[in-house]
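Chemist:
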Amino acid sequence: MQLAFVSPGCAMCCQVLSVFGIVFLVILGFLFNAEVEELTGSTEDPVHPKEVGHACFVAAAVNETRRARRL
5 MQLAFVSPGC AMCCQVLSVF GIVFLVILGF LFNAEVEELT GSTEDPVHPK
55 EVGHACFVAA AVNETRRARR L
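Remember, the numbering used here sits 4 above the position in the sequence shown when you count from 1.
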């Protein structure tokens, strides 16, 4: 038996936000890998957009692993 630190409603809200965060990171990863002009065309944007895309994929994978472990 696990101890409940938060209410079931709050836990469900966190799960939903986590899923949306994973989806957002994956979309950003694809956009940076495709070197979309809006994300890579300014002087303040990353020098190596493919590395940023890879970092987004890694962050999404870590987030999914942590989310799946909690279920």
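Note that CB positions come from ideal geometry on N, CA and C, so glycine has one too.
What residue range does the alpha helix (DSSP H) around Thr44 cover?
Modeler: Glu41 to Thr44
Chemist: When we look at the beta-carbon of Leu7 and count the other beta-carbons within 10 Å, is it buried (16 or more) or exposed?
Modeler: exposed
Chemist: Within 10 angstroms of the Cβ of Ala78, are there 16 or more other Cβ atoms? Answer buried if so, exposed if not.
Modeler: One cannot answer for residue 78 here, as it falls past the ends of the chain, which runs 5 to 75.
Chemist: Assuming the contact rule is C-beta atoms closer than 8 Å, Gly33 and Phe9 should be a hit. Round their C-beta distance to whole Å, please.
Modeler: That pair is no contact at about 32 Å.
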